[in-house]
Amino acid sequence: MEDEISKIVIRAAAVSLWYGAKRALSDVTMEIREKCVTAFIGPSGCGKSTFLRLFNRMNDLIEGVRITGSVTIDGTDIYRDSLDVVDLRRKVGMIFQKSNPFPKSVYENVAYGPRIQGIKRKSDLDAIVERCLRQSALWDEVKDGLYHSALGLSGGQQQRLCIARALAVKPEILLMDEPASALDPLSTAKIEELIYTLKTDYTIVIVTHNMQQASRVSDYTAFFYMGELVEYDKTPVMFTSPKLKRTEDYITGRFG
Amino acid sequence: MERHFEKEIQQVTERLSAMAEQVKESVTASLHSFLARDTAAAQSVLDNEHVINEFEIGIDNDVVRFFALRQPVAVDLRLVLAIQKINNELERIGDHAVNIAESSKRYAMLDPMRELPDLFRMSEIVAGMLVKSLESFFTKNSELARAQLLQDDEIDRLNRAIILTSIDIAKTTPALIEQAIECIRVSKNLERIADLSTNIAEEEIFHDQARMVKHRTDTIVPPFPM
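Order-wise, the sequence lines are chains A and E.
Per this note's numbering, the first sequence starts with residue 1, numbered consecutively.
Per this note's numbering, the second sequence starts with residue 257, numbered consecutively.
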């Protein structure tokens with residue numbers, strides 16, 4: 001675990017968010033540390049995914065969304081008018097619950113982003129593809145089938161391919177919205193191992209419904225309930241001696 | 257929402273409580289057997305040892321099942337950990353009761369000492385610590401648990417005094433050497449029972465307040481750095 005002196009990368013200050021008239025987040029203030037894994041937990045509809053999607057402005061795509069408060073990444077207000085959202089999303093990659101590879105080859109899935117960024121030379125792209133597939137612990141399984149369709153991979157492999165694709169554009173932050181909830185236990189274990197390895201180089205924020213997963217992979221855990229951040233602390237504290245009864249009731253399954 | 261976990265934890269807590277009763281009985285009987293030279297009481301302690309051992313194995317299995325199937329966290333985790341440790345402490349206290357019973361049987365074969373060192377007082381305090389420590393756990397009373405920790409110094413003082421008195425008796429009356437040795441043995445076993453009772457009280461504080469109070473420290477759980 002990173003210690004208290006590790007740098008703060010993401011700062012959310014008094015963030016509230018409405019979907020039309022419905023308030024989904026209420027005055028959430030949180031700091032997320034560099035090269036740590038931060039897990040968001042809470043019951044369905046508590047606002048954890050909404051809060052995650054703030055960090056690469058995915059909520060902008062939803063009609064009727066209104067946001068107050070501020071979110072900064074490395075000191076930059078990511079909601080200022082002049083911000084280049086495409087550049088933000090390069091810097092802040094996202095992995096979704098359901099793997100969504102392009103209907104292209106394994107190679108093209110990873111090379112797609114760098115190619116759009118202007119990298120044309122085959123040897124450069126080859127190097128990026130290999131690096132990212134190795135980083136996502138997929139290389140050994142696909143190196144002999146790089147030009148086969150990505151849709152022929154298993155669900156777990158597809159999810160790791162999506163992580164490789166996100167890594168290809170050199171992000172600094174990876175957002176993961178229930179990345180293993182549709183996977184079998186073995187694939188889930190591979191994704192969790194991968195998360196553990198990737199935090200050496202990346203700041204990772206993960207939403208999960210699986211409490212054991214949060215305790216296994218994360219350094220910090222935030223518990224959300226009805227749009228509020230209830231408690232946020234180091235994961236070992238949250239899972240051995242949370243300060244608030246609401247947190248304890250939720251993580252021990254007494255809730256509701 | 258009522259959880260299946262509650263019923264299971266209640267069952268194992270009841271089993272631990274039954275074990276605790278058995279251990280208290282063994283400690284009381286062993287002390288009585290020494291102080292009253294009652295060999296029948298000593299024999300009952302030896303005969304009951306296997307009951308305590310069987311409790312320990314059963315509760316160990318329950319705890320393993322909890323970890324494997326329930327993955328307890330937070331207060332549930334602290335409770336299961338406390339049960340596991342108290343189970344082990346009780347089994348060891350049972351062993352010390354057996355040691356005292358064995359001393360009783362040897363002592364009963366010897367001429368009685370006219371005046372025993374301060375074993376009456378030490379027995380009273382130690383038996384009280386065991387009862388109160390267990391009570392603190394079963395009634396979730398961490399204040400009562402903390403009160404038991406304060407008795408440690410008095411026990412150490414009594415143990416030292418009994419050892420010195422016994423050595424003195426052995427020096428001045430060589431015919432009582434064996435009796436003096438048994439007194440020292442009983443005192444050492446009592447000191448260990450007091451220490452293990454303190455551990456039980458510490459487990460209650462860990463369970464109830466998420467604080468570790470071992471070895472005269474008092475820190476929040478988990479201590480950092482992790």
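Backbone N, C-alpha and C fix where the C-beta goes; we use that ideal spot for every residue, glycine too.
Asked	Found
Cβ-Cβ separation, Ala24 (chain A) to Ile206 (chain A) (assumed contact under 8 Å), whole Å	Contact doesn't hold; Cβ gap of about 19 Å is too wide.
Cβ neighbour criterion (16 or more within 10 Å) applied to Met30 (chain A)	buried
DSSP state of Val469 (chain E) mapped onto helix, strand, coil	coil
Candidates E:Pro368, E:Val279, E:Ala292: closest to Asn309 (chain E) by CA position	E:Val279
Three-state secondary structure (DSSP) of Ala21 (chain A)	coil
Cross-strand partners of Asp77 (chain A) (DSSP beta bridge)	A:Thr72
DSSP three-state assignment for Ser218 (chain A), whether helix, strand or coil	coil
Contact list for the stretch 315-332 of chain E against chain A, Cβ threshold 7 Å	Gln327, Val329, Ala330, Val331, Asp332
Cβ-Cβ distance between Gly93 (chain A) and Val15 (chain A) below 7 Å	no
Chain-ordered residues of the stretch 458-479 of chain E with a beta carbon less than 8 Å from chain A	Ala466, Ile476, Val477, Pro478
Beta carbon proximity, Pro45 (chain A) to chain E, threshold 7 Å	The amino acid occupying residue 45 (chain A) in the given sequence is Gly; Pro does not appear at that position. Closer than 7 Å: no.
Three CB pairs or more closer than 8 Å across the stretch 97-112 of chain A and the stretch 154-168 of chain A	yes
Under 8 Å (Cβ pairs) to chain A, residues found in the stretch 405-425 of chain E	none
C-beta neighbour in chain E for Phe239 (chain A), strict 7 Å	yes
Those residues which DSSP pairs with Met30 (chain A) across a bridge	A:Ala12
For Asp374 (chain E), the nearest candidate out of E:Ala457, E:Leu366, E:Glu391, E:Glu447 (CA to CA)	E:Glu447
Listed by chain order, chain A residues near Arg334 (chain E) by CB distance under 9 Å	Thr240, Ser241
Interface residues of the stretch 443-459 of chain E facing chain A [CB-CB below 7 Å]	none
Proximity test, Cβ basis, 7 Å: Arg348 (chain E) and chain A	no
Distance, Phe290 (chain E) Cα to Ile437 (chain E) Cα	13 Å
Under 9 Å by beta carbon: chain E residues contacting Thr252 (chain A)	Arg259, Phe261, Pro328, Val329, Ala330, Val331, Asp332, Leu333
Residues that Glu34 (chain A) contacts on chain E, provided the C-beta gap is smaller than 8 Å	Correct list: empty, because the minimum Cβ distance to chain E is about 18 Å.
Candidates A:Gln212, A:Glu228, A:Leu183, of which the one nearest Thr235 (chain A) by Cα	A:Gln212
Same chain, Cβ closer than 8 Å to Asp412 (chain E), neighbours up to 5 away in sequence not counted	Glu447
Contact with chain E by Glu248 (chain A), beta-carbon distance below 7 Å	yes
Nonlocal neighbours in the same chain, by C-beta distance under 8 Å from Pro171 (chain A), ignoring five residues either side	Arg90, Lys91, Val92, Gly93, Tyr202
Residue burial classification, Ile251 (chain A) (beta-carbon count within 10 angstroms, cutoff 16)	buried
Cβ pair count under 8 Å reaching 3, the stretch 360-380 of chain E against the stretch 439-455 of chain E	yes
Beta-carbon spacing of Ile41 (chain A), Phe223 (chain A) below 7 Å	yes
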